[in-house]
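What follows is a set of notes on a single structure, which appears directly below.
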Amino acid sequence: MAYVYKLMDSPVGQLKLVANGEHLAAILWEHDKPNRVRLGELVEANDRPVLIETERQLNEYFAGNRSSFDLPLAFQGTDFQKQVWAALLTIPFGQTRSYSEIAQQIGNVNAVRAVGAANGKNPISIVAPCHRVIGASGDLTGFAGGLANKMFLLSLEAGQTSLEEDAERQIDLFASDDEAKGKTAHKAEDEAKPARHPPSRGTQASLFGN
1 MAYVYKLMDS PVGQLKLVAN GEHLAAILWE HDKPNRVRLG ELVEANDRPV
51 LIETERQLNE YFAGNRSSFD LPLAFQGTDF QKQVWAALLT IPFGQTRSYS
101 EIAQQIGNVN AVRAVGAANG KNPISIVAPC HRVIGASGDL TGFAGGLANK
151 MFLLSLEAGQ TSLEEDAERQ IDLFASDDEA KGKTAHKAED EAKPARHPPS
201 RGTQASLFGN
């Protein structure tokens, strides 16, 4: 059976929603690397119900009106990869986990690097939230959709809808009105950068300031 796809515009670029039968098989980034996710032949089909429903739920998510997804998923990969991807689905909205925590969760504490590799091959981006996996030090680390999009998704889930709003919030929190007027855009960007220490109990608070 051929894979079918539908394109949708989003705040993180154009996404390619892919179905296998009546199941969601992939959400690919606009500038995804070729063969990062290996699929069969792709045919455009904008009327496939599962793709229409996926787009609807994603739009609600980006609008800040949805914190979880209810979609039939069909992961294609090795047994180990499927274990990692299943673990991603258990990370609550607004929280993060480290690669080592995922390795512990699947019962293989020595597989941290393999977990990272599987995370990078996650076919169903956003819905299976690989963006919620960060380095043990609090680093955002690599991301198939790009680090700017990873930060955007984490910021969205932390209640901040854009990097620009994050910068404004940092200025409001840490400077008086008079001081804020004198700040340059460069300083605002510096203040908006995520902290480099691990989040407390898996939450995103430390990424954006407590």
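Reminder that position 50 of the sequence shown reads as 50 in full-length UniProt numbering, one-by-one numbering, no gaps. We put the beta carbon where it would ideally sit given N, CA and C, even for glycine. Please read these numbers as outputs of a predicted model, since none were measured by experiment.
- [ ] Just confirm the distance between the C-beta atoms of I27 and V127, as a whole number of angstroms; I'd bet it's less than 8 Å.
- [x] Within the sequence shown, numbered from 1, the residue matching residue 27 stands at position 27. Within the sequence shown, numbered from 1, the residue matching residue 127 stands at position 127. Contact flag correct, Cβ pair sits at about 6 Å.
- [ ] Please list, in chain order, all residues of the same chain as K6 whose beta carbon is under 6 Å from its beta carbon, the five residues on each side excluded.
- [x] Residue numbering aside, residue 6 sits at position 6 when the sequence shown is read from its first letter. L17, N46 and L51, listed in sequence order.
- [ ] Put E30 into one of helix, strand or coil per three-state DSSP.
- [x] Residue 30 sits at position 30 when you count from the first residue of the sequence shown. Coil at E30, not helix or strand.
Task: Helix, strand or coil at A144 [DSSP, three-state] - done: As a first step, residue 144 is located in the sequence shown; it is residue number 144 there, counting from the start. DSSP places A144 in coil when its eight states are reduced to three.
- [ ] Rounded to whole angstroms, what's the CA-CA distance from L163 to N20? Just pull it up for me.
- [x] Translated into positions along the sequence shown, residue 163 becomes position 163. Translated into positions along the sequence shown, residue 20 becomes position 20. Since pLDDT at L163 reaches only 42, below the 50 mark, its modelled position is unreliable, and the value read off the structure follows with that caveat. Our two residues, L163 and N20, have alpha carbons roughly 34 Å apart in a direct line.
Open item on the list: With distance defined between alpha-carbon atoms, name the residue in E30, K82, F69 and F62 nearest to A117.
Closed with: Numbered from its first residue, the sequence shown carries residue 117 at position 117. Closest option to A117, Cα to Cα, is K82.
- [ ] Name the one or two DSSP bridge partners that V43 has.
- [x] Position 43 of the sequence shown, counted from the start, is the residue given in the question as residue 43. In the DSSP output, where bridge partners are listed per residue, V43 has V4.
Open item on the list: Give me the DSSP bridge partner(s) of K16.
Closed with: Counting from one through the sequence shown, the residue named residue 16 turns up at place 16. Per DSSP, the beta bridge partners of K16 are L7 and L28.
Task: For I124, the three-state DSSP class (helix, strand or coil) - done: In the sequence shown, counting from the first residue as 1, residue 124 sits at position 124. Note: I124 maps to strand in three-state DSSP.
Open item on the list: Contact defined as beta carbons within less than 8 Å: I believe V43 pairs with A74. What is the distance between those atoms, to the nearest angstrom?
Closed with: To locate residue 43, count along the sequence shown from 1; it is residue 43. To locate residue 74, count along the sequence shown from 1; it is residue 74. Actually they do not touch by this definition, with Cβ atoms about 16 Å apart.
Open item on the list: For P129, which residues in the same chain have their Cβ closer than 7 Å to its Cβ, ignoring the five residues on either side in sequence?
Closed with: In the sequence shown, the residue the question calls residue 129 occupies position 129. Excluding positions up to five away in sequence, the list reads L88 and I91.
TODO: Have a look at N35 and G77 and give me their C-alpha separation to the nearest angstrom.
DONE: Position 35 of the sequence shown holds residue 35. Position 77 of the sequence shown holds residue 77. Going from the Cα of N35 to the Cα of G77 covers about 13 Å.
Open item on the list: Per DSSP, what are the beta-bridge partners of L73 in this structure?
Closed with: One-based indexing of the sequence shown puts residue 73 at position 73. Bridge partners of L73: L24.
Open item on the list: In whole angstroms, give me the CA-to-CA distance for V4 and P123.
Closed with: For the purposes of this step, residue 4 is identified with residue 4 of the sequence shown, where counting begins at 1. For the purposes of this step, residue 123 is identified with residue 123 of the sequence shown, where counting begins at 1. Distance between the alpha carbons of V4 and P123 is about 14 Å.
TODO: Consult DSSP for I106 and reduce its assignment to one of helix, strand or coil.
DONE: As a first step, residue 106 is located in the sequence shown; it is residue number 106 there, counting from the start. For I106, the secondary structure class from DSSP, reduced to helix, strand or coil, is coil.
Open item on the list: Taking its Cβ as the centre, do 16 or more other Cβ atoms sit within 10 Å of K150, making it buried, or is it exposed?
Closed with: Reading the sequence shown from its first residue, position 150 is the one you call residue 150. K150 should be labelled buried.
- [ ] Please state whether DSSP places V37 in a helix, a strand or coil.
- [x] What you label residue 37 is simply residue 37 of the sequence shown in a count that begins at 1. DSSP places V37 in coil when its eight states are reduced to three.
- [ ] Closer than 6 Å by C-beta to G135: which residues in its own chain qualify, once you throw out the five before and the five after it? Chain order, please.
- [x] Here residue 135 corresponds to residue number 135 of the sequence shown, with the count starting at 1. Taken in chain order, the residues that qualify are T141.
Task: Buried versus exposed, by CB contacts within 10 Å (16 or more), N119 - done: Taking the sequence shown and counting its residues from 1, one reaches residue 119 at position 119. When all chains shown are included, N119 counts as buried.
Open item on the list: Using a 10 Å radius around the Cβ and a threshold of 16 neighbouring Cβ atoms, would you call Q57 buried or exposed?
Closed with: For the purposes of this step, residue 57 is taken as residue 57 along the sequence shown, with counting starting at 1. The residue in question, Q57, is buried, as its Cβ has 16 or more Cβ neighbours within 10 Å.
Open item on the list: Between the alpha carbons of R48 and E22, how many angstroms are there, rounded?
Closed with: Here residue 48 refers to the residue found at position 48 of the sequence shown. Here residue 22 refers to the residue found at position 22 of the sequence shown. Near 8 Å, if we compare the C-alpha coordinates of E22 and R48.
TODO: Tell me, to the nearest whole angstrom, how far the beta carbon of F80 is from that of A114; I am working on the premise that it is less than 8 Å.
DONE: Here residue 80 refers to the residue found at position 80 when the sequence shown is read from its first residue. Here residue 114 refers to the residue found at position 114 when the sequence shown is read from its first residue. Indeed, because the Cβ distance is near 7 Å, the residues count as touching under 8 Å.
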